[in-house]
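Mind the numbering: the sequence shown is residues 23 to 302 in our numbering, read in order. Beta carbons are placed, not taken as given, at the ideal position from N, Cα and C, and that holds for glycine. Remember, predicted model here, so these are calculated numbers, not experimental data. What follows is a set of notes on a single structure, which appears directly below.
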Amino acid sequence: MLITDIVKILTDSGIAENEANIEVRLLIEKFAGFNLIDIITGKKLDEGKLKIVEEKAKLRARTREPIQYIIGEADFMGEKFFVNPSVLIPRDETEILVTKAVEIINKNNFKSVLDMCTGSGCIACMIAKNTHSTVLGTDISFDALETAVKNMERMELFNRAIFRKSDIFSKISDEEKFDVIVSNPPYIPPSQKKTIQKEVTFEPDIALYTKDEKGMEFYERIAKDAPHHLNNGGYILFELGIGESKNVAEILKQYRFSDIQVVKDLANIDRVILAKYVFP
Ligand code: GLN
Numbered sequence: 023m024l025i026t027d028i029v030k031i032l033t034d035s036g037i038a039e040n041e042a043n044i045e046v047r048l049l050i051e052k053f054a055g056f057n058l059i060d061i062i063t064g065k066k067l068d069e070g071k072l073k074i075v076e077e078k079a080k081l082r083a084r085t086r087e088p089i090q091y092i093i094g095e096a097d098f099m100g101e102k103f104f105v106n107p108s109v110l111i112p113r114d115e116t117e118i119l120v121t122k123a124v125e126i127i128n129k130n131n132f133k134s135v136l137d138m139c140t141g142s143g144c145i146a147c148m149i150a151k152n153t154h155s156t157v158l159g160t161d162i163s164f165d166a167l168e169t170a171v172k173n174m175e176r177m178e179l180f181n182r183a184i185f186r187k188s189d190i191f192s193k194i195s196d197e198e199k200f201d202v203i204v205s206n207p208p209y210i211p212p213s214q215k216k217t218i219q220k221e222v223t224f225e226p227d228i229a230l231y232t233k234d235e236k237g238m239e240f241y242e243r244i245a246k247d248a249p250h251h252l253n254n255g256g257y258i259l260f261e262l263g264i265g266e267s268k269n270v271a272e273i274l275k276q277y278r279f280s281d282i283q284v285v286k287d288l289a290n291i292d293r294v295i296l297a298k299y300v301f302p
């Protein structure tokens, strides 16, 4: 068995060749303990290790389980995050949300941030790492929070990113106020479940789907109570599903947010919405 044979296991199952090459490299790094230099210099893999890599590639080809779950890690903004089927795999698009939040926090010297539906904690950790703020990450899933804590520990963000189990604002007390509330909440309408890519079916339904057909459930629930938990002049930032910016803008207007802005992603899709809250 050669490395090229392992790549072929993946391409034969319909995975594009460039993607298959990356995935095999990740499998070799993880399961054979090789680094990139070892791979580039053609260091020989012993048969035992090669066998493990082959088995993992076969699992990937057969089940279409995302490579990040098989490896147990995902790359996000240059960091490695632990992931497992209780958390969503961080998406490249979410970098736009983090970057915008970091810009606002640093410009205003904001100190307290709430990341709602934190999942793996990728947003909370990256904001804590790149600002002087303290970030509270909340999620309804205990398993997700366990993963978020592991990610916080690995990045050594003790007391900078903290986590709490809460269904939206249920465990946020009336006295708790934040400068920024950020969220990449579930936003896929349930009717899209039938047509979703196989890989995505391994991700937790509660992280992906809303109950309502417009995908607005969490934007609505968060925007409704956010004004009670924002300091004067604070900001709210959401990641958006495709085609959702107009409806979310309406929700934000309804709850008296101002200065609404939309940021597009590289595919020219409205991907992030942000707005300010000034006390009436
Ligand atoms: N906030 C997490 C992320 O962006 C999880 C999002 C979710 O579960 N909907 O990856």
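- P211 and I228 have their C-alpha atoms some 12 Å from each other.
- Taking 8 Å as the upper bound for CB-CB distance, I149 and D137 are in contact here, some 7 Å apart.
- DSSP, reduced to helix, strand and coil, places N173 within a helical segment of the structure shown.
- Contact residues of ligand 1 (beta-carbon closer than 6 Å to any heavy atom; chain order) are L110, P112, T116, C139, T140, G141, S142, C144, I145, N206, P207, P208 and A229.
- Between the region 112–120 and the region 58–72 there are fewer than three C-beta pairs closer than 8 Å, too few to call the two in contact.
- Taking M174 as reference, the option from E235, E101 and P208 with the minimal CA-CA separation is E101.
- If you compare the alpha carbons of Y277, R86, P207 and H250 with that of G237, the shortest gap goes to P207.
- Every beta strand (DSSP E) stretch that sits fully inside the region 92–180 and reaches 3 residues is listed by chain position as 95–98, 101–104, 134–138 and 156–161.
- The straight-line gap separating the alpha-carbon atoms of E198 and Y209 is approximately 26 Å.
- Residue burial is scored here from C-beta neighbours: H251 has at least 16 other C-beta atoms within 10 angstroms and is therefore classed as buried.
- Around G256, the same chain offers F200, D201, V202 and Y299 as residues with beta carbons nearer than 7 Å, after the five sequence neighbours per side are excluded.
- The residue among V294, L288 and N290 with its C-alpha nearest the C-alpha of A271 is V294.
- Residue state for R278 is assigned as coil, using DSSP reduced to three classes.
- Burial state of R186 is exposed, judged by a 10 Å Cβ sphere holding fewer than 16 other Cβ atoms.
- Membership of I258 in the beta strand (DSSP E) is indicated by the continuous run L252 to E261.
- Residue pairing by DSSP puts K286 in a beta bridge opposite D292.
- Going by DSSP, V75 is part of no beta strand (DSSP E) but of the alpha helix (DSSP H) stretching over E69 to T85.
- Cβ neighbours of G263 within its own chain (closer than 7 Å, five residues either side excluded): Y209, I210 and G237.
- Straight across, the Cα-Cα distance linking V46 with K233 is about 37 Å.
- DSSP, read as helix, strand or coil, puts A183 in strand.
- Just so you know, the alpha carbons of E242 and L48 end up roughly 39 Å apart.
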